[in-house]
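> What follows is a single structure, and I will ask about it in a moment.
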Ligand code: PMT
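In the working numbering, the protein residues as written are 51 to 265.
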């Protein structure tokens, strides 16, 4: 299969020296990219800034902002058989980012934020993607309910839920604990290394893709 994977955080500039971002290290997405490549698939990794080395044998598109990630995904998605969205994309960006560094002035400051495009949510509706579509859901409460909502709204074949309020898993960690949310059932996968979990996820997504092709 040709598989597109998004990974890492996005950075939304406030001025030339500051940005809004999040704690994603890219480890989950890069582990998935490596596992797909090791299983013989052709992988395109679209990644926000991370400290990680790109796994061998993978095509790589580096991006910084959500808008750049949206554009890169839109450019490549049409020729993919499957896509897995593991990136932690900023939902909002500063409405403006001046060319010069913002100077201290009053005792408080208000920053106006505007919505970024929902890249996963656009895959079917705007980019007309017909392949196997897999998203993540990073939740701090009601994991299954929120993940199932995303499965339906974003027209995915699978949402991989992770409870990012649990210590030692999720953001930045080498480990994760997953809830696979399919249209008709859910399955919990116990805590393990992201590397090991990724091999399991590859097998799940291979089955989904084969079923989608056959139907
Ligand atoms: O990078 P690590 O440190 O290894 O951490 C891994 C992780 C916690 C980042 C990863 O496992 C994870 O959960 N990734 C998704 C994080 C997230 O932003 O979840 P969400 O519930 O806000 O978004 C739902 C889905 O929509 C995700 O597939 C996300 O990539 C996608 N999305 C969200 C917003 C947006 N504007 N565009 C998107 O494509």
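By construction, the Cβ of each residue, glycine as well, lies at the ideal position given by its N, Cα and C atoms.
Fair warning: this is a prediction, and the values are worked out from it, not measured in the lab.
Please go through the same chain and pick out, in chain order, the residues whose beta-carbon is closer than 7 Å to the beta-carbon of residue 147, but skip the five residues on each side of it.
Against the chain shown, residue 147 aligns to sequence position 97. 63, 64, 65, listed in sequence order.
> Is residue 186 helix, strand or coil by DSSP?
By one-based count along the chain shown, residue 186 stands at place 136. Residue state, collapsed to three classes: strand.
> Cα-Cα, which of 89, 260, 150, 115 is closest to residue 56?
Position 6 of the chain shown, counted from the first residue, corresponds to residue 56. Looking at the Cα atoms, 115 is the closest of the given residues.
> Taking the DSSP output, what are the residues bridged to residue 163?
Mapped onto the chain shown, residue 163 falls at position 113. According to DSSP, residue 163 bridges with 144.
> Expressed to the nearest angstrom, what Euclidean distance is found between the alpha-carbon atoms of residue 117 and residue 168?
For the purposes of this step, residue 117 is identified with residue 67 of the chain shown, where counting begins at 1. For the purposes of this step, residue 168 is identified with residue 118 of the chain shown, where counting begins at 1. Looking at the two C-alpha atoms, the distance is approximately 10 Å.
> Three Cβ pairs or more, each shorter than 8 Å: is that satisfied between the region 198–211 and the region 153–165?
In short, these stretches do not touch, since the Cβ pair count stays below three.
> Taking 6 Å as the cut-off, is the beta-carbon of residue 176 closer than that to any non-hydrogen atom of ligand 1?
Counting from one through the chain shown, the residue named residue 176 turns up at place 126. The answer is no for residue 176.
> How long is the line joining the alpha carbons of residue 166 and residue 72, rounded to whole angstroms?
Reading the chain shown from its first residue, position 116 is the one you call residue 166. Reading the chain shown from its first residue, position 22 is the one you call residue 72. Rounded to whole angstroms, residue 166 to residue 72 spans 15 Å at the Cα level.
> Counting only runs of 4+ residues fully inside the region 208–262, write out the alpha helix (DSSP H) ranges in chain order.
Counting only runs of 4 or more, we get nothing.
> Just list the alpha helix (DSSP H) runs in the region 67–147, keeping only unbroken ones of 4 residues or longer that don't cross its boundaries, in chain order.
Counting only runs of 4 or more, we get 77–88, 116–126.
> Since residue 70 and residue 140 are thought to touch, with beta carbons under 8 Å apart, how far apart are those beta carbons, to the nearest angstrom?
Numbered from 1 along the chain shown, position 20 holds the residue referred to as residue 70. Numbered from 1 along the chain shown, position 90 holds the residue referred to as residue 140. With 8 Å as the limit, residue 70 and residue 140 qualify as a contact, their Cβ atoms being about 6 Å apart.
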